[in-house]
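Participant: Handing you a structure now.
Numbering (the numbering used here), first residue to last: 194 to 637.
Encoded structure:
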């Protein structure tokens, strides 16, 4: 699921950037088409009509050179006012003898040159008189094609850069949040979590970080609580053992000496049992724990497990379950047997007359029900009794047995099967435990 979400977020970000760049390109391309004329003319072509008009007015009454010059002088103010550009008339002798220049003019073409101030000038010869008409300096023209194209290209990259900035800015902000959370977590602030929007590009990373943080916080807290509880649990048998060792050299009576030695052996056995329970609980807490599942008919399996209580002072009754005859359930027989026995032995300590065990298979979930008719469990302890080394006040006496790990181990086993265990809140008398797990689900 996380991998699919990451791929979708990446694809969405990619498509968003690609679509943004495409939209920018289309808009600027349309702007370029609108700004540039469809058929752009050169400066000479744009002023060709003006040259034709001036030439027509000057030669209207003849082609005599003097008459043309006089007529030009008389019409000059009106021409400049009409054309909005300076107009000059030159004799060929006044312009020297630049052969290339006159060769172009002799062909009747309009030639463009720059003056000393880098302003454009246009020249055209009157074929009938050999005189040269000059327009200019011309006013600055609107932006050229190159200028417009350059502007559009610069605008394109600027808009793409802005688009990337708007995309990267929240990305950088979320990364900064993640970096800060990691820094705080490294300073032992295990409550730190990363908060980002669900549409953030790093949302899957933030989710993974938060899950890791929750797991580490749980492990650190559990390790601290377990260490404190272990120290408390080990202190009592060690104190008794130490006291017995100090008393042994002073005892002369063989019977009393044997009694003390047996007590010391019992303390050692108690320590070994406690260590075994602790190792079992720690092993079940490992994420990489692997075990095999078997398909088993649950009724015959329960009958075999409960035979060891046949001679118990408190009878353990097995009731027929609600399931299809011969239907098999997947679970690890050894581990689930340990969970079953831990619950039954706990019930044996408090039951008054009997314990009942039953089962049910509903849809794809298997249930085990274990009930006793003892004093029951206060509702405020329904969850806490499954914590390591948790015991009710009535069970603190070591004669009642147990270290407060039996129910915790049972819960771990059910959780490894993808299920759980809880106290039946609807039972009116005694204590009832409900163990459930998916029938066909692989272990976790």
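Beta carbons are placed, not taken as given, at the ideal position from N, Cα and C, and that holds for glycine.
I need the DSSP call for residue 500, collapsed to helix, strand or coil.
Facilitator: Helix, per DSSP.
Participant: Go through its chain and collect everything with a Cβ distance to residue 348's Cβ below 8 Å, but skip five positions before and after it.
Facilitator: Contacts found: 221.
Participant: Across the stretch 569-576 and the stretch 497-508, are there enough close Cβ pairs to call them in contact, namely three or more that are closer than 8 Å?
Facilitator: Short answer: they don't touch.
Participant: Quick check on residue 389: buried or exposed, where buried means 16 or more other Cβ atoms within 10 Å of its Cβ?
Facilitator: So residue 389 counts as buried.
Participant: Skipping 5 residues on each side, what residues in its chain have a beta carbon closer than 8 Å to that of residue 524?
Facilitator: Excluding positions up to five away in sequence, the list reads 486, 487, 489, 559, 610 and 630.
Participant: Identify whether residue 326 lies in helix, strand or coil by the three-state DSSP scheme.
Facilitator: The answer is strand: DSSP assigns residue 326 an E or B state.
Participant: Classify residue 227: buried if its beta carbon has 16 or more other beta carbons within 10 angstroms, exposed otherwise.
Facilitator: With fewer than 16 Cβ atoms within 10 Å of its Cβ, residue 227 is classed as exposed.
Participant: So residue 385 and residue 399 are in contact, right, with Cβ under 8 Å, and what is the actual spacing, rounded?
Facilitator: The pair is not a contact, with the Cβ atoms about 12 Å apart (cut-off 8 Å).
Participant: Would you kindly report the start and end of the unbroken alpha helix (DSSP H) that includes residue 510?
Facilitator: Not the alpha helix (DSSP H): residue 510 falls in the beta strand (DSSP E), residues 509-511.
Participant: Quick one: measure Cβ to Cβ for residue 353 and residue 261, integer angstroms, because I've assumed they're closer than 8 Å.
Facilitator: With a Cβ gap of about 60 Å, residue 353 and residue 261 do not count as contacting.
Participant: Please state whether DSSP places residue 379 in a helix, a strand or coil.
Facilitator: Three-state result, residue 379: helix.
Participant: So, helix, strand or coil for residue 569, using DSSP?
Facilitator: DSSP places residue 569 in coil when its eight states are reduced to three.
Participant: Below 6 Å CB to CB, which residues in the same chain sit around residue 546 once its five sequence neighbours on both sides are set aside?
Facilitator: The answer, listed in chain order, is 566.
Participant: Is residue 581 helix, strand or coil by DSSP?
Facilitator: It is coil, neither helix nor strand.
Participant: Take residue 172 and list the residues in its own chain whose beta-carbon comes closer than 7 Å to its own, dropping the five residues that flank it on each side.
Facilitator: Residue 172 lies beyond the stretch modelled for the chain, which goes from 194 to 637, so this question has no answer here.
Participant: Is residue 703 helix, strand or coil by DSSP?
Facilitator: The displayed coordinates of the chain run from 194 to 637. Any statement about residue 703 would go beyond what the structure contains.
Participant: Since residue 527 is in the alpha helix (DSSP H), which residue starts that stretch and which ends it?
Facilitator: Here the alpha helix (DSSP H) through residue 527 covers 526-543.
Participant: What are the boundary residues of the alpha helix (DSSP H) that residue 599 is part of?
Facilitator: Segment 599-609, the alpha helix (DSSP H) holding residue 599.
Participant: Please determine, among 577, 403 and 463, the residue with the shortest C-alpha to C-alpha distance to residue 372.
Facilitator: Nearest of 577, 403 and 463 to residue 372, Cα basis: 403.
Participant: Under 6 Å Cβ to Cβ from residue 364, same chain only, skipping five residues before and after it: list those, please.
Facilitator: Taken in chain order, the residues that qualify are 394.
Participant: Quick one: grab the DSSP three-state call for residue 213.
Facilitator: Of the three classes helix, strand and coil, the one that applies to residue 213 here is helix, per DSSP.
Participant: Quick one: what's got a C-beta closer than 7 Å to residue 460's C-beta in the same chain, skipping five residues either side?
Facilitator: So the qualifying residues of the chain are 430, 433 and 434.
Participant: Looking at C-alpha atoms only, which residue of 614, 312, 214 and 249 is the closest neighbour of residue 359?
Facilitator: Here the closest residue by C-alpha is 214.
Participant: For a quick check, are the C-beta atoms of residue 564 and residue 548 less than 8 Å apart?
Facilitator: Yes, Cβ-Cβ distance for residue 564 and residue 548 is below 8 Å.
Participant: Could you tell me the boundaries of the beta strand (DSSP E) in which residue 313 lies?
Facilitator: Per DSSP, residue 313 belongs to the beta strand (DSSP E) from 313-318.
Participant: What distance in whole Å lies between the Cβ atoms of residue 276 and residue 243, which are believed to be in contact at a cut-off of 8 Å?
Facilitator: Contact holds; Cβ gap of about 5 Å.
Participant: Let's see if you can read the secondary structure: which residues bound the beta strand (DSSP E) around residue 488?
Facilitator: It spans 487-490 - the beta strand (DSSP E) in which residue 488 sits, taken as one unbroken run.
Participant: Which residue from 344, 505, 279 and 284 puts its Cα closest to that of residue 321?
Facilitator: Comparing Cα-Cα distances from residue 321 to each of 344, 505, 279 and 284, the minimum goes to 284.
Participant: Rounded to whole angstroms, what is the Cα-Cα separation between residue 529 and residue 376?
Facilitator: Roughly 42 Å between the two C-alpha positions.
Participant: Confirm the yes/no value for this check: CB of residue 309, any heavy atom of the ligand ADP, distance under 7 Å.
Facilitator: Among the components of this structure there are no ligands whatsoever, and the ligand ADP is therefore not found.
Participant: Assign residue 287 to one of three DSSP states: helix, strand, or coil.
Facilitator: Three-state DSSP puts residue 287 in a helix.
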